[in-house]
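> In our numbering, the protein residues as written are 15 to 265.
Please see the structure below; I have some questions.
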Amino acid sequence: ENRYRHKDGSWRVLSWKSVPQPGGLMYAVARDVTEEMRVSNALRASEAYNRSIVESSPDSLKLLSLDARLVHMTPVGCRLWEVDDFSSLENTDWISLWKGGDQAMAQRAVEAARTGGRGRFQGKCPTLKGSPRWWDVAVTPILDAAGQPEKLLAVARDITEQKVRDEALRESELRLRSILDNLVPFVGEMSPDGVLTEVNCTVLKISGRPRAELIGKRLEEISLFSHSPAVQTQLRADIEVVALDCAINDP
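Have a look at this one:
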């Protein structure tokens, strides 16, 4: 292939084929491949641009075959999964990396993507070096020219820190609940208009009612106070005073 300047001043790329002829002659045919070269270069540039976008993602991106085997993992993905050499994982069944109920969710996500849909789940899967990790995973199809799933893309976001915070909060709430339930006095939480949103076990024992029957009622309406209209009136007045004071002092 070589370039020639056209009479209009532009450059053209010609691809040559030659066939030897008797008498030491050579029969040569040139084909103008300028447009093919332009399209090919544009395609390579587009692919390089798309790859740069994919590989700059902070998430772990994995290319899977339709039967969920690992084809490619981005450098960021390798780092997040603590994979030193992707060849050690290449062609591995991605679903097999998940365990228990998480494996079942991964299987369903792959099946959804394989039929043109989108699979999503959160699960726990250790890195290749055994570090515990929680992931928010989305699996989507990559379509061919006919619009049919050709490969699958699995995007996993590391949510380990979020899960640790959520678990710490849950444990803190359980400890607080245990403390409140073991207090002798009546302890409850209510909205500014006096509707109960939480109560401790003391109230349940005294009233003989389950928690579900008390939550959502106004404080003065529960059986502890319903016997005395005077007490109910006083409670309503006290709640209004407290609610007004909170509204005034709320920045």
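In this text, a Cβ means the ideal position worked out from N, Cα and C, and glycines have one as well.
Is the segment 244-260 in contact with the segment 205-219, if contact means three or more CB pairs nearer than 8 Å?
In short, these stretches touch, since the Cβ pair count reaches three.
> Considering only residues of the same chain and omitting the five flanking positions on each side of Gln117, which have a CB-CB separation below 7 Å?
Sequence index remark: in the sequence shown, residue 117 carries index 103 (1-based). Cβ within range, chain order: Ile109.
> Taking three-plus beta-carbon pairs below 8 Å as touching, is the segment 187-199 in contact with the segment 213-231?
Enough Cβ pairs lie closer than 8 Å, so yes.
> Just tell me which of Thr48, Lys21, Ala42 has its CA closest to the CA of Val27.
Numbered from 1 along the sequence shown, position 13 holds the residue referred to as residue 27. Nearest option by C-alpha distance: Thr48.
> Spatial neighbours of Trp148 within its chain, please: C-beta separation below 6 Å, excluding the five flanking residues on both sides.
Here residue 148 corresponds to residue number 134 of the sequence shown, with the count starting at 1. The residues are Lys138, Ile173, Thr174, Lys177.
> From the DSSP output, in three-state form, read off Val97 for me.
Residue numbering aside, residue 97 sits at position 83 when the sequence shown is read from its first letter. Three-state result, Val97: coil.
> With a threshold of 8 Å, are at least 3 pairs of Cβ atoms found where one atom belongs to the segment 37-51 and the other to the segment 95-115?
The segment 37-51 is not in contact with the segment 95-115.
> At the level of alpha carbons, what is the spacing between Glu96 and Val85?
On the sequence shown, residue 96 is found 82 positions in, with the first residue counted as 1. On the sequence shown, residue 85 is found 71 positions in, with the first residue counted as 1. If I take the Cα positions, the gap works out to 17 Å.
> Could you tell me the distance, in whole angstroms, from the CA atom of Arg122 to the CA atom of Ala160?
Here residue 122 refers to the residue found at position 108 when the sequence shown is read from its first residue. Here residue 160 refers to the residue found at position 146 when the sequence shown is read from its first residue. When rounded, the distance between both Cα atoms is 24 Å.
> Mind checking which residues open and close the alpha helix (DSSP H) that includes Ile193?
Here the question's residue 193 lines up with position 179 in the sequence shown. Residues 174-195.
> Cβ of Leu75 within 7 Å of Cβ of Val169?
Reading the sequence shown from its first residue, position 61 is the one you call residue 75. Reading the sequence shown from its first residue, position 155 is the one you call residue 169. For Leu75 and Val169, yes; Cβs fall inside 7 Å.
> Using CA atoms only, rank isn't needed, just tell me which of Phe100, Arg223, Ala244 is closest to Thr88.
Sequence index remark: in the sequence shown, residue 88 carries index 74 (1-based). Nearest option by C-alpha distance: Phe100.
> Of the residues Lys31, Asp22, Gly23, Ser24, which one's Cα is nearest the Cα of Glu15?
Within the sequence shown, residue 15 is the residue found at index 1, counting from 1. When only C-alpha atoms are compared, the closest one is Lys31.
> Which whole-angstrom value describes the C-beta separation of Asp73 and Arg171, a residue pair presumed to lie in contact below a C-beta threshold of 8 Å?
Position 59 of the sequence shown holds residue 73. Position 157 of the sequence shown holds residue 171. 5 Å between Cβ atoms; contact.
> Using three-state DSSP, classify Ile220 as helix, strand or coil.
Against the sequence shown, residue 220 aligns to sequence position 206. Note: Ile220 maps to helix in three-state DSSP.
> Near His20, what residues of its chain come up, given a Cβ to Cβ distance below 6 Å and the 5 sequence neighbours on each side ignored?
The residue given as residue 20 occupies position 6 in the sequence shown. Answer for His20: Arg26, listed in chain order.
> According to DSSP, simplified to helix, strand and coil, what is Glu254?
Working through the sequence shown from its first residue, we reach residue 254 at position 240. Reduced to three states, the DSSP call for Glu254 is helix.
> Kindly give me the distance between the Cβ atoms of Val153 and Leu166, rounded to whole angstroms, as I take these residues to be in contact under 8 Å.
Numbered from 1 along the sequence shown, position 139 holds the residue referred to as residue 153. Numbered from 1 along the sequence shown, position 152 holds the residue referred to as residue 166. So it is a contact: roughly 6 Å between Cβ atoms.
> Between Pro146 and Pro155, which are expected to be in contact by the criterion C-beta below 8 Å, what is the C-beta distance as a whole number of angstroms?
Along the sequence shown, one-based indexing puts residue 146 at 132. Along the sequence shown, one-based indexing puts residue 155 at 141. Contact flag wrong, Cβ pair sits at about 30 Å.
> Please report the Cβ distance between Leu249 and Ile220, rounded to the nearest whole angstrom; I am assuming they are in contact, meaning their Cβ atoms lie under 8 Å.
The residue given as residue 249 occupies position 235 in the sequence shown. The residue given as residue 220 occupies position 206 in the sequence shown. Their Cβ separation, rounded to whole angstroms, is 16 Å, which puts Leu249 and Ile220 out of contact at 8 Å.
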